[in-house]
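Student:
Protein chains: 2
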Amino acid sequence: MRTNSQTFQETLSIYQELITRELKIFFEKEIQIAAAISPHAKLMVERLQEFTLRGGKRIRPILVIIGFQTCNSDVPLDKILPVAISMELMQSFFLIHDDIIDEDILRRGKIAFHQFYATNNTYCNARHNVHFGESMGIVGGDIAAFLGTKLITESNFSQETRLAALKLFQEEVVKTCWGEMLDVLASQQKFSEQELTQILDLKTAGYSFETPLQLGRILAKKSSEEKDTLVHNVSIHLGRAFQLHDDILSIFGTEETIGKSIGNDIKEGKRTLLLLKTLENASKEQQVFIEHCLGKNNIQLEDVLRIREIMRTTGALDHIQTRAHQEQLVAKELIKNSKFLPEAKEFLTELAEYVVDRKS
Amino acid sequence: MRTNSQTFQETLSIYQELITRELKIFFEKEIQIAAAISPHAKLMVERLQEFTLRGGKRIRPILVIIGFQTCNSDVPLDKILPVAISMELMQSFFLIHDDIIDEDILRRGKIAFHQFYATNNTYCNARHNVHFGESMGIVGGDIAAFLGTKLITESNFSQETRLAALKLFQEEVVKTCWGEMLDVLASQQKFSEQELTQILDLKTAGYSFETPLQLGRILAKKSSEEKDTLVHNVSIHLGRAFQLHDDILSIFGTEETIGKSIGNDIKEGKRTLLLLKTLENASKEQQVFIEHCLGKNNIQLEDVLRIREIMRTTGALDHIQTRAHQEQLVAKELIKNSKFLPEAKEFLTELAEYVVDRKS
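First to last, the protein sequences are chains A and B.
Just so you know, we're using the working numbering here: the first sequence kicks off at 1 and counts up by one.
Just so you know, we're using the working numbering here: the second sequence kicks off at 361 and counts up by one.
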């Protein structure tokens, strides 16, 4: 599938195309099934399809393929695609519920899932529109989660493989939910650096890196229920690098590149490691100003610009960028010394570069 | 386990005790696991335990036992209990999300799951308490759902049986979610009698009757992935009888007996079959009054009393009671002519009586 001359971006787009095609096949089938129940069910699966297919880099299903390629396997790639895309359903489930929780309006540059229902006049009377949208989003997320497990249950793998994959899926959901719960609390309470790092490990490293890679290995029949420690460690460091960079992007990125409103993390009062470091380094006056902005619904662009400036001048931005690079280096070192097959090694190394260099 | 002289209530309480004990064992284990993650995770599993164990009749896990008893099986009862209780986790998942959607404050006579977080001062600042509670409830419900699947994945049954049970579980979740989604829409749009009946079939008959019974049969190894049509039909009619009676209870019951606030269905603007019939039979003036009350947040007791009176005098109450009894009769006839084993037949017949006679 890959030659050495292919660049990382080329590889990504080849796999992205495969994944997108597979997702479309799946959703077309599910739309038919839902249409038999009700036109409203059909519309919701269509919305799930649009939400899942819009933007997004398909990193997680691609990592299933890469995890599969870490080992020698005679299973054909075609066979693993329907299971690989279950990761995108899990992702849609998390994002839909997360956007309700964070009261986000935009996702991937377009309207958040629940906001479609909240703002659709044919669907709701004006009185309750926010709550109506959230209600539809709660149910839509629940459905996405269990359509994800369906992809595994109904796949062509042996009973043993399917059960191992389902177990991995459900454990990951519970783990990510703990991360999400702690994240919700982190906007209400002051958490330590250690606690914030734990959230990041629970909420990002698992479902973004470790679980897709382990799933690929399960499908290659090289791992049964026993998880690989090396994959775990690589994922933890990739996940931290990714999330630290993400926290920077969400303050310093433009609405265009990140697909979310500027200053969202501030508005939500999200206490990221970047924010923690900034508060630690800031003057009393700067601290008061930042605390005043946190959780403020009508935060102005000039407030965000001033916070950016504080993050720069206090050295907090530098500090977090350095930490992201350190995590990236650890991940790269682990990958280099691993016994993964060469093409998986190459991709993961390039991915490690990508997670801290990306603009979106 | 049962003798002919045992009354239905005695049988219920014997099984309730077994189920409750099993739930406690499960939750104690999960509390330990969560405690290793964070004291907040531990607290949430404790809340899930309290929520799941409070009140509740354990009808669904008991129906797993009864489904199991519809066939001759040499599997010991002890072995099926850990899987039977997965139905209570599914139930908690639905109730937690449903209470957020319906903005309910009470459940089973106590505070709703998300309300615990919304009103707990050590946990949240006052500013966002409602949304904070809902956020914690969304995550708590998600966790309950996947702890439910975990009970199946980690049970002692063969891979084939566990996969069949997981498939049943996930299909039921998706089906019930469609019912829930249509139910949300039914408070925004005018639905026909046929559409309301479909909601009832999707939202109640499946997870309350059919899925527990089919799960029991899967565990008895008498049914693989193929569902039994008779069990389906019995469940549809039991489900309708149950829900029609439930709609009556939620208007005519007291807060004490139903464990929810009086007039909740009115406040939520829920368009039940009872309400549809009432509007159909009511005078223009009565219709205007009822429509005015629907979805009204601060509905007064006297408004509810007047609506009760309209439901009585227009004959709508009688009509729905009769329909509930008709559904019950169909269910009983199907059970009578079935080839289920005698003790399962007896229990299901008594259950059919119970669903339309109960006070709570």
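For glycine and all other residues, C-beta sits at the position ideal for the given N, C-alpha and C.
Starting from Lys510/B, find everything on chain A with Cβ-Cβ shorter than 9 Å and list it in chain order.
Tutor: Residue numbering aside, residue 510/B sits at position 150 when the second sequence is read from its first letter. Per Cβ cutoff of 9 Å: Lys167, Gln170, Glu171 and Val174.
Student: On a CA-only basis, which of Leu560/B, Ile622/B, Leu634/B and Arg577/B is nearest Leu598/B? Give me that one, please.
Tutor: In the second sequence, the residue the question calls residue 598/B occupies position 238. Of the listed residues, the one whose Cα sits closest to Leu598/B is Leu560/B.
Student: So who's on the other strand from Leu466/B, going by DSSP bridges?
Tutor: Counting from one through the second sequence, the residue named residue 466/B turns up at place 106. Partner(s): Ile471/B.
Student: Alpha carbon to alpha carbon, how far is Ser192/A from Glu553/B?
Tutor: Your numbering for residue 192/A matches position 192 in the first sequence. Your numbering for residue 553/B matches position 193 in the second sequence. Straight-line Cα distance between these residues: approximately 56 Å.
Student: Give me the residue from Gln189/A, Gln286/A, Arg47/A and Ala324/A with the minimum Cα distance to Gly133/A.
Tutor: Taking the first residue of the first sequence as 1, we reach residue 133/A at position 133. Ranking the options by Cα distance to Gly133/A, first place goes to Arg47/A.
Student: Cα separation between Asp99/A and Asp434/B?
Tutor: Walking along the first sequence from the start, residue 99/A turns up at place 99. Walking along the second sequence from the start, residue 434/B turns up at place 74. Spanning the two alpha carbons is a distance of roughly 49 Å.
Student: Nearest-angstrom Cα distance between Leu275/A and Cys293/A?
Tutor: As a first step, residue 275/A must be located in the first sequence, where it is residue number 275. As a first step, residue 293/A must be located in the first sequence, where it is residue number 293. Going by the C-alpha atoms only, they are around 12 Å apart.
Student: Within 10 angstroms of the Cβ of Gly55/A, are there 16 or more other Cβ atoms? Answer buried if so, exposed if not.
Tutor: For the purposes of this step, residue 55/A is taken as the residue at position 55 of the first sequence. Answer is exposed; the Cβ neighbour count stays below 16.
Student: Tell me the DSSP secondary structure of Asp99/A in three-state form.
Tutor: For the purposes of this step, residue 99/A is identified with residue 99 of the first sequence, where counting begins at 1. Helix, per DSSP.
Student: If you measure between the beta carbons of Ile96/A and Ala144/A, is that distance less than 8 Å?
Tutor: Position 96 of the first sequence, counted from the start, is the residue given in the question as residue 96/A. Position 144 of the first sequence, counted from the start, is the residue given in the question as residue 144/A. Result yes, Cβ atoms of Ile96/A and Ala144/A sit closer than 8 Å.
Student: Taking Met311/A as the reference, give the member of Glu280/A, Leu301/A, Asn298/A and Glu327/A with the closest Cα.
Tutor: Residue mapping note: residue 311/A aligns to position 311 of the first sequence, counting from 1. Here the closest residue by C-alpha is Glu280/A.
Student: On the three-state DSSP scale, how would you describe Arg271/A?
Tutor: In the first sequence, residue 271/A corresponds to position 271, counting from 1. Residue state, collapsed to three classes: coil.
Student: Would you check if the distance between the CB atom of Leu542/B and the CB atom of Ser38/A is smaller than 8 Å?
Tutor: The count along the second sequence starts at 1 and reaches residue 542/B at position 182. The count along the first sequence starts at 1 and reaches residue 38/A at position 38. Cβ atoms of Leu542/B and Ser38/A: closer than 8 Å.
Student: How close, in whole Å, do the beta carbons of Gly263/A and Val304/A come, if the pair is a contact with beta carbons under 8 Å?
Tutor: Taking the first residue of the first sequence as position 1, residue 263/A is located at position 263. Taking the first residue of the first sequence as position 1, residue 304/A is located at position 304. That belief holds up - the Cβ atoms of Gly263/A and Val304/A are roughly 4 Å apart, short of 8 Å.
Student: So, at 6 Å on beta carbons, what are the nonlocal neighbours of Gln688/B in its own chain, with the 5 sequence-adjacent residues on each side left out?
Tutor: Counting from one through the second sequence, the residue named residue 688/B turns up at place 328. Cβ neighbours of Gln688/B beyond the five flanking positions: Ala601, Ala712 and Val716.
Student: Whole-angstrom Cβ separation of Glu170/A and Lys510/B, contact assumed at under 8 Å?
Tutor: Residue numbering aside, residue 170/A sits at position 170 when the first sequence is read from its first letter. Residue numbering aside, residue 510/B sits at position 150 when the second sequence is read from its first letter. Note that residue 170/A is Gln in the sequence shown here, rather than Glu. With 8 Å as the limit, Gln170/A and Lys510/B qualify as a contact, their Cβ atoms being about 6 Å apart.
Student: Taking 8 Å as the CB-CB cut-off, is Thr314/A touching chain B?
Tutor: What you label residue 314/A is simply residue 314 of the first sequence in a count that begins at 1. No, Thr314/A does not count as interfacial toward chain B.
Student: Measuring only the C-alpha atoms, how far is His319/A from Thr272/A?
Tutor: Mapped onto the first sequence, residue 319/A falls at position 319. Mapped onto the first sequence, residue 272/A falls at position 272. Their Cα atoms are separated by approximately 13 Å.
Student: At the 8 Å Cβ level, is Ser552/B part of the contact set with chain D, yes or no?
Tutor: Given the protein chain composition of this structure (A and B), no chain D is represented.
Student: Does DSSP classify Lys637/B as helix, strand or coil?
Tutor: Within the second sequence, numbered from 1, the residue matching residue 637/B stands at position 277. Helix.
Student: Does Ile461/B get closer than 8 Å to chain A when you measure Cβ to Cβ?
Tutor: Here the question's residue 461/B lines up with position 101 in the second sequence. With 8 Å as the cut-off, Ile461/B counts as an interface residue toward chain A.
Student: In angstroms, rounded to a whole number, what distance separates the CA positions of Glu463/B and His131/A?
Tutor: Counting from 1 along the second sequence, the entry for residue 463/B is found at position 103. Counting from 1 along the first sequence, the entry for residue 131/A is found at position 131. Distance between the alpha carbons of Glu463/B and His131/A is about 9 Å.
Student: Under 7 Å Cβ-Cβ, which residues of chain A neighbour His400/B?
Tutor: Working through the second sequence from its first residue, we reach residue 400/B at position 40. Going along chain A in sequence order, the residues near His400/B (Cβ under 7 Å) are Met181, Leu182 and Leu185.
Student: Nearest by alpha-carbon distance to Glu540/B: which of Asp142/A, Trp178/A and Lys190/A is it?
Tutor: Here residue 540/B refers to the residue found at position 180 of the second sequence. Considering only alpha carbons, the answer is Asp142/A.
Student: Just checking: is the beta-carbon of Cys653/B within a distance shorter than 8 Å of some beta-carbon in chain A?
Tutor: Mapped onto the second sequence, residue 653/B falls at position 293. Output row for Cys653/B: interface = no.
Student: Strictly under 8 Å for the Cβ-Cβ distance: is Gln69/A near chain B by that measure?
Tutor: Counted from its first residue, the first sequence places residue 69/A at position 69. No, no contact with chain B.
Student: Could you say which of Thr176/A, Gln32/A and Gln287/A lies nearest to Phe93/A if we only look at CA atoms?
Tutor: By 1-based counting over the first sequence, the position of residue 93/A is 93. Minimum Cα distance to Phe93/A is reached at Thr176/A.
Student: Ignore the nearest five residues each way along the sequence and tell me which others in Lys190/A's own chain have a CB closer than 8 Å to its CB.
Tutor: Against the first sequence, residue 190/A aligns to sequence position 190. If we look at Lys190/A and ignore the five residues flanking it on each side, its Cβ neighbours are Arg271.
Student: Please report how far the alpha carbon of Arg21/A lies from the alpha carbon of Arg58/A, in whole angstroms.
Tutor: Numbered from 1 along the first sequence, position 21 holds the residue referred to as residue 21/A. Numbered from 1 along the first sequence, position 58 holds the residue referred to as residue 58/A. Taking the straight line from one Cα to the other gives about 12 Å.
Student: Pull out every residue of the region 330-352 of chain A whose Cβ sits closer than 8 Å to any Cβ of chain B, in chain order.
Tutor: Cβ contacts with chain B: none found.
Student: Among residues of its own chain, excluding the 5 on either side of Leu378/B, which ones have a beta-carbon nearer than 7 Å to its beta-carbon?
Tutor: For the purposes of this step, residue 378/B is identified with residue 18 of the second sequence, where counting begins at 1. Hits under 7 Å: Leu441.
Student: Since Thr513/B meets chain A, which of its residues come closer than 8 Å, beta carbon to beta carbon?
Tutor: If you number the second sequence from 1, residue 513/B lands on position 153. Result: Leu163, Leu166, Lys167 and Gln170.
Student: What separation, rounded to the nearest whole angstrom, lies between the Cα atoms of Lys339/A and Leu63/A?
Tutor: Indexing the first sequence from 1 puts residue 339/A at position 339. Indexing the first sequence from 1 puts residue 63/A at position 63. Using only the alpha carbons, I get a separation of about 17 Å.
Student: Gln188/A CB to nearest chain B CB: under 8 Å?
Tutor: Here residue 188/A refers to the residue found at position 188 when the first sequence is read from its first residue. Answer yes: the Cβ-Cβ gap between Gln188/A and chain B drops below 8 Å somewhere.
Student: Within a Cβ cutoff of 7 Å, which residues of the same chain sit near Glu585/B, ignoring the five residues on either side of it in sequence?
Tutor: On the second sequence, position 225 is the one that residue 585/B refers to. Residue placement at Glu585/B cannot be trusted, given a pLDDT of 46 that sits under 50; what the coordinates show is reported in the next sentence. Here the set comprises Ala524 and Lys527.
Student: What's the C-alpha gap between Gln429/B and Trp538/B?
Tutor: Taking the second sequence and counting its residues from 1, one reaches residue 429/B at position 69. Taking the second sequence and counting its residues from 1, one reaches residue 538/B at position 178. Cα to Cα, Gln429/B sits roughly 30 Å from Trp538/B.
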